[in-house]
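The opening position of the sequence shown corresponds to residue 96 in this note's numbering, with each subsequent residue numbered one higher.
Even for Gly, the Cβ is constructed at its ideal location relative to N, Cα and C.
Please read all numbers here as calculations on a predicted model, not as lab measurements.
A short worksheet on the structure shown next.
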Amino acid sequence: MLRSERIAGWGRDALLLPRVALLAARAPRDWRRGWDRYWGSVTTTGVGGDVLWDTGDLDEVPTYRTLILEQLDTSLPLVDAGCGNGRFTRGLAPLFPTTIGVDLARTAIKLARRESAGCADLSFDTLDLTVPDAARPLAAAIGGDANVFVRGVFHVLAPADRPVAARNLRTLVGSRGRVLLAETNFPGSKMDYLRHLGASPRHIPDPLRRAIVDTPAPRHFGDAERRTAFPAADWAVVDDGVVDILAIPMHDTPTPAVEHIPGYYAILASTAVSNSEALNAEPSNTEPTRR
Ligand SMILES: C[S@@+](CC[C@H](N)C(=O)[O-])C[C@H]1O[C@@H](n2cnc3c(N)ncnc32)[C@H](O)[C@@H]1O
């Protein structure tokens, strides 16, 4: 990069940063409340809607469908973890016998149910992945191993919460299920990312403004972050690579085009025993019989 370009970049940051800081200052202290408020304020989804990462029909489903058909056992149920308004839950449900979307935010689950009215073999429930053992009741209700799809969730979790979330996914997959993870992994700074998504000192597109106000700032999530969140003792990498994550058009151009964000995907297998075996096994912590 030329010196003049770098200086111009700092100048733009100096003007954009205070606007972003002002918006972020309105975020609730508790990020869980932020997600609830975010989804509660959404009125329209898809292209032209409120949700930055919901491109409606112009989506990534074909990419994930190919990975799933090649590498997952589709006779198992699917859990869409951090499902939001359930766009991918609905898009992937036809591949599996049953599909369950779970999300931290009650308002997301309410919206997902509303948008999925009439869809067969699909249900939604609340679940906070960052609470230890939170997935146990769901694993017991499923009664065996399940696949997990998770898109755009780990990059908004604090690094300390990620291994807890991964352990919850491990509870669900047992030995036969797989995790299909897809996360944004933008290489630049947070300001570069915002500019990439159409923010300028004069204008911040509304879907981006909503995300800045109510949701945690995105972080990188690539191979290095996956290694820490999904340690090698618990997880084997079946496949991983780069993926194109799409966002709704936000640049004010004559022919608005979908935004492309560099992303990372991984297909992961747990080193654990099958859930059906674990659920049928004698509890390991039974009291020794008294003589
Ligand atoms: C960027 S959105 C992605 C939504 C959806 N996966 C998609 O790609 O359309 C992140 C989602 O993760 C959910 N989420 C954030 N933290 C979570 C947690 N600790 N447990 C469960 N869901 C969480 C948010 O409510 C939000 O719906």
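query	result
Taking the C-alpha atoms as reference points, what is the distance between residue 317 and residue 337?	9 Å
State yes or no: is the C-beta of residue 275 nearer than 7 Å to some heavy atom of ligand 1?	no
How many angstroms separate the CA atom of residue 216 from the CA atom of residue 194?	6 Å
Among 363, 356 and 367, which one has its Cα closest to the Cα of residue 150?	356
Measure the C-alpha to C-alpha separation of residue 204 and residue 334 and round it to an integer number of angstroms.	30 Å
For residue 252, which of helix, strand or coil comes out of DSSP?	coil
Drop a sphere of 10 angstroms on the beta-carbon of residue 298, count the other beta-carbons inside from all chains shown, and report buried for 16 or more, exposed for fewer.	exposed
Helix, strand or coil for residue 148 per DSSP?	coil
Please work out which residues of its chain come closer than 6 Å, Cβ to Cβ, to residue 167, disregarding the five sequence neighbours upstream and downstream, and give them in chain order.	242 and 273
Please state the DSSP three-state secondary structure of residue 243.	strand
Name the residue from 247, 231, 350 and 117 whose alpha carbon lies nearest to the alpha carbon of residue 148.	247
With distances taken Cα to Cα, identify the nearest neighbour of residue 263 among 171, 232 and 161.	232
Using three-state DSSP, classify residue 206 as helix, strand or coil.	helix
Mind checking whether the beta-carbon of residue 142 lies closer than 7 Å to any heavy atom of ligand 1?	no
Between residue 200 and ligand 1, is the CB less than 7 Å from at least one heavy atom?	yes
At 3 residues or longer, and completely inside the stretch 103-187: list those beta strand (DSSP E) runs for me, N to C.	173-176
How is the beta strand (DSSP E) around residue 228 delimited, first residue to last?	Taken as a continuous stretch (DSSP letters only), residue 228 belongs to no beta strand (DSSP E), as it is neither H nor E.
Which whole runs of the alpha helix (DSSP H) in the stretch 243-320 are 4 residues long or more, in chain order?	257-268, 285-291 and 301-309
If you count every other CB in all the chains shown that lies within 10 Å of the CB of residue 267, and 16 or more means buried, which is it?	buried
Kindly indicate the opening and closing residues of the beta strand (DSSP E) around residue 357.	354-365
Please report the distance separating the alpha-carbon of residue 172 from that of residue 164.	14 Å
Select from 288, 284 and 158 the residue whose C-alpha is nearest the C-alpha of residue 187.	158
Quick one: what's got a C-beta closer than 8 Å to residue 313's C-beta in the same chain, skipping five residues either side?	250, 251, 279, 281, 285 and 288
What is the rounded straight-line gap between the Cα of residue 293 and the Cα of residue 131?	25 Å
Return yes when at least one heavy atom of ligand 1 lies under 7 Å from the C-beta of residue 303, else no.	no
Would you check whether ligand 1 has a heavy atom nearer than 7 Å to the C-beta of residue 214?	no
When the Cα of residue 324 is compared with those of 141, 128, 137 and 257, which residue comes out closest?	257
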